[in-house]
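**Student:** Got a structure for you, written out below as structure tokens; questions coming shortly.
Protein chains in written order, with my numbering: chain D, 1493 to 1900; chain R, 1493 to 1900.
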């Protein structure tokens, strides 16, 4: 008997027929003697619908109230799945984030989980019930409803698995595993049987839509065994995300190609080249709770330098507003922004032991006439920012260059 | 400065434009120096949509989970209104039933309010905030979400007004007050400036859709000054619901004509005519939480009698199932059911001092060839059950007969 946390995303609960299918799948696991905790997203499209309502009300909706509104999508699906389970004779009980309770800080719309009270869930599991928890949401110390940000249901699932010391956390989605890249862009993309947390982290943070980045961090940190599976297939082992590299196998140099269209680039030109500048700029950005991704500072010339970074497209306008203020404070020359960029990255633990990967990447892009605007590297990934219109071409070229195309 | 509880129904918050209008109205009251607590229903159609989803999942959805699902409609509107208020510079804070907290028993889908903790609301009001509360919902002692049954938002509003000792509870709806009958059926219907709680209670319980019956009971019990107003008009005093009859005015004999299409009639034929029979039958019905409205037992003949009662249409199938079991237990002859009936009632405190009202009513119906199936009377109302197809005709005839038609 194992304790399994299963998370089903929006497409898996998109309508009542699919919710009944999820109930059947959960019932099968339970019939095998497992204890099951289910974490659900809202029906696909529902959260966007709620945000659209809020935007009709206000150009910048109050964050506390936005969370009050947006958290309802998951509350609907947990109720519906619990009904469906009881309807087929499986005892079940739904919990909102507040009912669990999933305690978070009070950073509305992007809250962080502080602790999870597993007592009531444990009691229900021991009584033979399936526990159905609303993903994406929690409650702060004052009882305000909070949400964890887009894709937060994955994080909820992993956090619950960690709190309950579950044997496995299964993320059911509309794909049957983690691919070398998005098969919609590269039809030759292959499913990976195993990927390391580190690689997955880079893939996720770089825009692979399979798993939310924080959930992978959490899983790595708390050693939660994580598996990505399709909710539309009954067979298949999906992709297991492991802590260890598999020493017995010939490692591919590159495991996958990640890309992201949702970033925007901001540059502050002619900044005085002196200590504390990066902090001055990024401190102001962070103070407004905007996540920064790539950061580039060029070598200074004539006592000034140019400072560039990328943010999520949705934060572009806000970040630009902040930079305009910082510009006067620092007597910088100008602020320029570009939100039609794309980022493409090659990811692989094999990179550590294989020199020359970067130059192979840059040559492949150059051969296609693709200009590189920014470069950023880590131990296991190399990212470049390019004009958005070349993004898909770049992904296909790199997928072929690093031998990832399926051989059929 | 007064403390006013305002309740807005589903049509008043049916879309974001209307929610903004509500925000403007609330802002005007606040600008006059009043403290305002707003109670909201779900957007019109939303609760039905959620119930329809639940019915797709299960023919008889688990009540706890149904409440988990259905309570989300109000959570969306309170968030949206609070955003709208803040957007026009009015500090506001939304509360779900659980956040207030509105403590109820655990009769899911039909919960009763036990107590309301007004401390946080009072703190917010004193800090100058508008408090926006989700109607229709509460939370039981174990933290499960409960709902108060259809129309429960009115009850929430009155209960909050009572708990906060508000100066007035204003129910905003899509009509500008309480009418002598439904103007959609009788165009000559008149708005009443004042109506007594007793009359309103009869009007509401008999199917006038303006106010939910329990809210009127509550208002009467806790002496809450209740006013029904239109949310679509800026002028107008609506209808005030008072404890006292106005002694200075010539009372009309009949204040209004109520009617209800949502009932079904059940009859147990050939029941042994002995003590305890009514309890045996209705006890079984009540045990399943089905509300019974009219009850008729005919005089016994040959040691047996016929026992009839009406229930809400939505409980018809369930009630019939119970009666089928009771039939064998009591060795009764047969169960017959009819869900194409209508009930029409004349209501008026003036009835007390004017004899002959019943016979005028019956004559008016007989003149139109309408057959009366059941009769039930109270001190201030007379109800008859007739074939549903004559319902509107009966309402119009009685409205004219008792001099309620507008003189224009």
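Beta carbons: idealized from backbone N, C-alpha and C, even for Gly.
All values derive from a computational prediction rather than experimental measurement.
Between 1693/D, 1728/D, 1568/D and 1554/D, which has its C-alpha nearest residue 1536/D's C-alpha?
**Tutor:** Residue 1536/D has its Cα closest to that of 1568/D, out of 1693/D, 1728/D, 1568/D and 1554/D.
**Student:** With 8 Å as the threshold, decide whether the Cβ of residue 1602/R is near any Cβ in chain D.
**Tutor:** Taking Cβ atoms only, chain D never reaches closer than 8 Å to residue 1602/R, which makes this a no.
**Student:** Fully enclosed by the region 1722-1788 of chain R, which beta strand (DSSP E) runs are 3 residues long or longer?
**Tutor:** Runs found: 1731-1734, 1748-1752 and 1755-1764.
**Student:** Grouping DSSP H, G and I as helix and E and B as strand, with all else coil, what is residue 1601/R?
**Tutor:** Three-state DSSP puts residue 1601/R in coil, outside helix and strand.
**Student:** Measuring straight from C-alpha to C-alpha, what distance separates residue 1865/R and residue 1877/R?
**Tutor:** When rounded, the distance between both Cα atoms is 5 Å.
**Student:** Check whether chain R comes within 8 Å of residue 1886/D, counting only Cβ atoms and requiring the distance to be less than that.
**Tutor:** Closer than 8 Å: no.
**Student:** Which residues, in order along the region 1501-1534 of chain D, keep a beta-carbon less than 9 Å from a beta-carbon of chain R?
**Tutor:** Listed by position, the residues of the region 1501-1534 of chain D near chain R (Cβ gap below 9 Å) are 1507, 1508, 1509, 1511, 1512 and 1515.
**Student:** So residue 1872/D and residue 1691/D are in contact, right, with Cβ under 8 Å, and what is the actual spacing, rounded?
**Tutor:** Yes, residue 1872/D and residue 1691/D are in contact; Cβ-Cβ is about 6 Å, under 8 Å.
**Student:** Using C-beta distances below 6 Å, list every residue in its chain close to residue 1802/R, excluding the 5 sequence neighbours before and after it, in chain order.
**Tutor:** Closer than 6 Å at Cβ, skipping near neighbours: 1755, 1757, 1785 and 1786.
**Student:** What does residue 1578/R reach in chain D if we use C-beta pairs closer than 8 Å?
**Tutor:** By Cβ distance, chain D contributes 1550, 1554 and 1557.
**Student:** Show which residues of chain D have a CB atom less than 7 Å away from the CB atom of residue 1572/R.
**Tutor:** Those within 7 Å of residue 1572/R in chain D are 1545, 1546, 1549 and 1561.
**Student:** Taking a cut of 9 Å between CB atoms, which residues from the region 1757-1788 of chain R lie near chain D?
**Tutor:** Cβ contacts with chain D: none found.
**Student:** Taking the DSSP output, what are the residues bridged to residue 1629/R?
**Tutor:** In the DSSP output, where bridge partners are listed per residue, residue 1629/R has 1639/R.
**Student:** For residue 1723/R, return the contacting residues in chain D, with the cut-off set at a CB-CB distance below 9 Å.
**Tutor:** Near residue 1723/R there are no residues of chain D at all, since even the closest Cβ is about 17 Å away, more than 9 Å.
**Student:** Can you list, in chain order, the residues of its chain whose CB lies under 8 Å from that of residue 1891/D, leaving out five sequence neighbours each side?
**Tutor:** Same-chain partners within the cutoff: 1672, 1673, 1678, 1680, 1681, 1749 and 1897.
**Student:** From residue 1499/D to residue 1662/D, what distance separates their C-alpha atoms?
**Tutor:** In a straight line, the C-alpha of residue 1499/D is about 6 Å away from that of residue 1662/D.
**Student:** By the DSSP assignment, the alpha helix (DSSP H) with residue 1803/R in it spans what residues?
**Tutor:** Counting along the chain, residue 1803/R falls outside any alpha helix (DSSP H), though it belongs to the beta strand (DSSP E) covering 1796-1804.
**Student:** Would you verify that the beta carbon of residue 1740/R is, or is not, closer than 8 Å to some beta carbon of chain D?
**Tutor:** Low confidence applies here, because residue 1740/R scores a pLDDT of 49, under 50, leaving its location unreliable and the question unanswered by this model.
**Student:** Counting Cβ pairs, one atom from each stretch, are 3 or more of them under 8 Å apart for the region 1594-1609 of chain D and the region 1527-1536 of chain D?
**Tutor:** Judged by Cβ distances under 8 Å, the region 1594-1609 of chain D makes no contact with the region 1527-1536 of chain D, as fewer than three pairs qualify.
**Student:** For the region 1762-1774 of chain R against the region 1792-1807 of chain R, do three or more pairs of beta-carbon atoms, one drawn from each stretch, fall closer than 8 Å, so that the two count as touching?
**Tutor:** Judged by Cβ distances under 8 Å, the region 1762-1774 of chain R makes contact with the region 1792-1807 of chain R, as three or more pairs qualify.
**Student:** Inspect the CB distances between the region 1496-1514 of chain R and the region 1535-1551 of chain D and report whether three or more fall short of 8 Å.
**Tutor:** These segments touch.
**Student:** Between residue 1542/R and chain D, is there a C-beta pair that is closer than 8 Å?
**Tutor:** Yes - at least one Cβ of chain D is within 8 Å of the one on residue 1542/R.
**Student:** Using a Cβ-Cβ distance cut-off of 8 Å, determine whether residue 1537/R contacts chain D.
**Tutor:** Chain D contact via Cβ: absent.
**Student:** Within 8 Å of any Cβ in chain D, is that where the Cβ of residue 1586/R sits?
**Tutor:** By this cut-off, residue 1586/R is an interface position.
**Student:** For residue 1656/R, tell me which candidate among 1629/R, 1670/R, 1823/R and 1612/R has the shortest Cα-Cα distance.
**Tutor:** Nearest of 1629/R, 1670/R, 1823/R and 1612/R to residue 1656/R, Cα basis: 1612/R.
**Student:** Just list the beta strand (DSSP E) runs in the region 1822-1888 of chain D, keeping only unbroken ones of 3 residues or longer that don't cross its boundaries, in chain order.
**Tutor:** Counting only runs of 3 or more, we get 1826-1830, 1833-1839, 1866-1869 and 1873-1879.
**Student:** So does residue 1575/R have its beta carbon nearer than 7 Å to some heavy atom of the ligand NAP?
**Tutor:** Ligands are entirely absent from the displayed structure, and the ligand NAP is therefore not among its contents.
**Student:** Which partner residues of residue 1683/D appear in the DSSP bridge assignment?
**Tutor:** The partner list for residue 1683/D (beta bridge, DSSP) reads 1671/D.
**Student:** Grab me the residues of residue 1599/D's own chain with a C-beta within less than 8 Å of its C-beta, minus the 5 sequence neighbours each way, in chain order.
**Tutor:** So the qualifying residues of the chain are 1638 and 1781.
**Student:** According to the neighbour-count rule (16 or more other Cβ atoms, all chains shown, within 10 Å of its Cβ), is residue 1587/D buried or exposed?
**Tutor:** Answer is buried; the Cβ neighbour count reaches 16.
**Student:** Indicate the three-state DSSP secondary structure (helix, strand or coil) for residue 1556/D in the structure shown.
**Tutor:** Correct three-state label for residue 1556/D: helix.
**Student:** Can you confirm whether residue 1564/D, when its beta carbon is compared against all beta carbons of chain R, has any partner nearer than 8 Å?
**Tutor:** Yes, contact with chain R.
**Student:** Answer yes if the region 1624-1634 of chain R comes into contact with the region 1572-1585 of chain R, meaning at least three C-beta pairs across the two stretches below 8 Å, and no otherwise.
**Tutor:** The region 1572-1585 of chain R, when compared against the region 1624-1634 of chain R, does touch it at the 8 Å Cβ threshold.
**Student:** Given that residue 1582/R touches chain D, what residues does it touch there, using C-beta distances under 7 Å?
**Tutor:** Result: empty, since nearest Cβ-Cβ is about 11 Å, beyond 7 Å.
**Student:** Return the CA-CA distance between residue 1858/R and residue 1838/R, expressed in angstroms with no decimal places.
**Tutor:** Distance between the alpha carbons of residue 1858/R and residue 1838/R: 16 Å.
**Student:** If you draw a straight line from the alpha carbon of residue 1814/D to that of residue 1684/R, how long is it in whole angstroms?
**Tutor:** So the two alpha carbons sit approximately 58 Å from each other.
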